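Data block below; observations after.
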Amino acid sequence: MIPEDLRYTAEHEWVAGDGTGAVRVGITHFAQDALGDIVYVQLPDPGSVVAAGDSLGEIESTKSVSEIYAPVSGTVAARNEALGDTPEVINTDPYGAGWLVEITPDDPTAVDGLLTAGAYRELTES
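Under the numbering used here, the first residue of the sequence shown is numbered 158, with each subsequent residue one higher.
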C-alpha cells in the first residue's frame, strides 16, 4: 500500500502534487497502522507558515500521541475539516479522504527532494 505517484518522508508523511501549486499531505498506511485507532487530529489553521521538518500538528490514537511533520516549507492552504468529526477516516482511507493539509510550497522543487515510493518501501522494509 505505497502508491507510486506520491512522494514520502522518513517520518511517514506522503505528498501528492509536483509543487507547482498546493500539495496535499497525509500520513502513510504504514503510519496509521502503527498508530492504531485514531481518535483526534490537531492541524494548523490555513495561512499558517510551516518549515520543512517542523511539527505542524498531532495525531492522537488509542496507543499514543504522534507529531505530524511538514514535508516542505510553505503556507498551509487548507486543512481537512472533516477530520474534526471523523478522524478515524485516516485509518480507513489514508491516501484519500484521510488527507491532513494542503501546503503551498515556498520552493516548488522541494517535492523532488522527498523519497520516491521505491525508497520509502525500502525504508519501511528494513
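Positions of the beta carbon are idealized from the N, C-alpha and C atoms, including for glycine. In this text the structure is predicted, and so the values were computed from the model without any measurement.
For residue i, which beta-bridge partners are listed by DSSP?
i, result
"TYR197", "GLU217"
"TYR165", "TRP171 and LEU272"
"SER212", "TYR226"
How is the beta strand (DSSP E) around residue i delimited, first residue to last?
i, result
"GLU279", "Unbroken run through GLU279 is the alpha helix (DSSP H), 274–282; no beta strand (DSSP E)."
"GLU238", "No beta strand (DSSP E) holds GLU238; DSSP gives it neither H nor E."
"GLY183", "180–184"
Run through DSSP, which three-state label would residue i get?
i, result
"VAL229", "coil"
"PRO262", "strand"
Output needed for residue i: all residues of its chain with C-beta closer than 6 Å, excluding positions within five of it in sequence on either side, in chain order.
i, result
"ASP161", "The amino acid at residue 161 is misidentified as Asp; the sequence shows Glu. Contacts found: ALA274."
Tell me where the alpha helix (DSSP H) around residue i begins and ends.
i, result
"ILE247", "246–249"
Return the chain-ordered list of same chain residues with a C-beta closer than 7 Å to the C-beta of residue i, the five sequence neighbours on each side being excluded.
i, result
"THR219", "GLY193, ASP194 and VAL196"
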